[in-house]
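Following this note's numbering, the numbering of the sequence shown begins with 1 at its first residue and continues without gaps.
Take a look at the structure below.
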Amino acid sequence: MKLKGLLLSLTAAAVILSGCGAKAAKDTKTTDDKKTDVVSGASIAKDETTLEKALSKDGTWIIVLKSDLTVNKDLVMEGEFTKADKNDASKKVPAGRKLALYDQDDKKVKTASYTLKAPKLTVKSQDAKIQGGNFVGDVYVEAKGFSIVDGKVEGNVYFANEEAKNSFKMDKGSVTGKVEIKK
1 MKLKGLLLSL
11 TAAAVILSGC
21 GAKAAKDTKT
31 TDDKKTDVVS
41 GASIAKDETT
51 LEKALSKDGT
61 WIIVLKSDLT
71 VNKDLVMEGE
81 FTKADKNDAS
91 KKVPAGRKLA
101 LYDQDDKKVK
111 TASYTLKAPK
121 LTVKSQDAKI
131 QGGNFVGDVY
141 VEAKGFSIVD
151 GKVEGNVYFA
161 NEEAKNSFKM
171 DKGSVTGKVE
181 IKK
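Rendered as structure tokens:
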């Protein structure tokens with residue numbers, strides 16, 4: 001009987017201690033410099049510096065304002081981001097960037113709209129959108145697929161070429177100024 005208890009104790013100790021000696025797995029993460037994968041979180045822009053960083057090619061795919069913001073210099077949204085294809089998770093597809101000028105509740109109902117003022121916003125990211133609030137200034141679009149969703153541009157929207165202009169969409173959006181090609 002004592003032998004049985006001793007064997008049981010030794011077995012339990014071996015099982016418990018075997019988990020403590022495991023070596024850490026090597027980090028085999030690889031990076032692809034051609035495109036940036038989508039980051040699950042968003043960048044919250046509180047001032048000019050955080051906004052510029054969020055809009056850059058090294059920023060995130062969603063840029064969120066939580067209050068009105070005035071910037072005294074030109075802004076540039078650039079960089080291409082990807083996400084997993086809905087039909088084939090092993091494939092990557094473009095993920096359009098979003099400048100979210102609104103707040104929402106946990107049910108994704110818009111609770112507030114904000115205004116971003118800047119002399120100029122140049123959009124170099126494909127399928128980018130301004131959504132949910134107001135941008136005061138001129139927008140220069142150099143990429144295809146730009147859209148304004150439930151938002152307003154108080155200024156002009158200029159396109160670098162016909163392809164960019166023809167792919168422009170508005171979904172409950174508006175522009176108070178000109179919408180034209182300007183080279």
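Every residue, glycine too, gets a C-beta built ideally from N, C-alpha and C.
Here the structure is a predicted model, which is why all the values come from computation and not from measurement.
Who are the near neighbours of residue 144 in its chain, counting only those whose CB is closer than 7 angstroms to its CB and skipping five residues on each side?
126, 163, 164 and 167
Give, in chain order, every unbroken run of the beta strand (DSSP E) that is at least 3 residues long and sits entirely within the stretch 33 to 97.
43 to 45, 62 to 65, 75 to 77, 81 to 84 and 92 to 95
In angstroms, rounded to a whole number, what distance separates the CA positions of residue 173 and residue 91?
32 angstroms
To which residues of the same chain is residue 47 closer than 8 angstroms at the C-beta, ignoring the five residues directly before and after it?
69
Would you check if the distance between the CB atom of residue 65 and the CB atom of residue 45 is smaller than 7 angstroms?
yes
Leaving aside the five residues before and after residue 142 along the sequence, list all residues of the same chain whose C-beta is less than 7 angstroms from its C-beta, in chain order.
122, 123, 124, 160 and 164
What three-state label does DSSP hand residue 166 in the structure shown?
helix
6 angstroms CB neighbourhood of residue 98 in its chain, flanking five on each side removed:
62, 129 and 131
Which stretch, first to last residue, makes up the beta strand (DSSP E) that contains residue 117?
115 to 123
Give me the residue from 169, 156, 183 and 182 with the minimum Cα distance to residue 176.
156
If contact is defined by three or more beta carbon pairs under 8 angstroms, each pair taking one atom from either stretch, is the stretch 109 to 120 in contact with the stretch 70 to 84?
yes
Within 10 angstroms of its Cβ, does residue 60 collect 16 or more other Cβ (buried), or is it exposed?
buried
Per-residue DSSP class, three states only, for residue 12
Any reading at residue 12 must be qualified, since the residue scores a pLDDT of 47, below 50, and its modelled position is unreliable; no value is offered.
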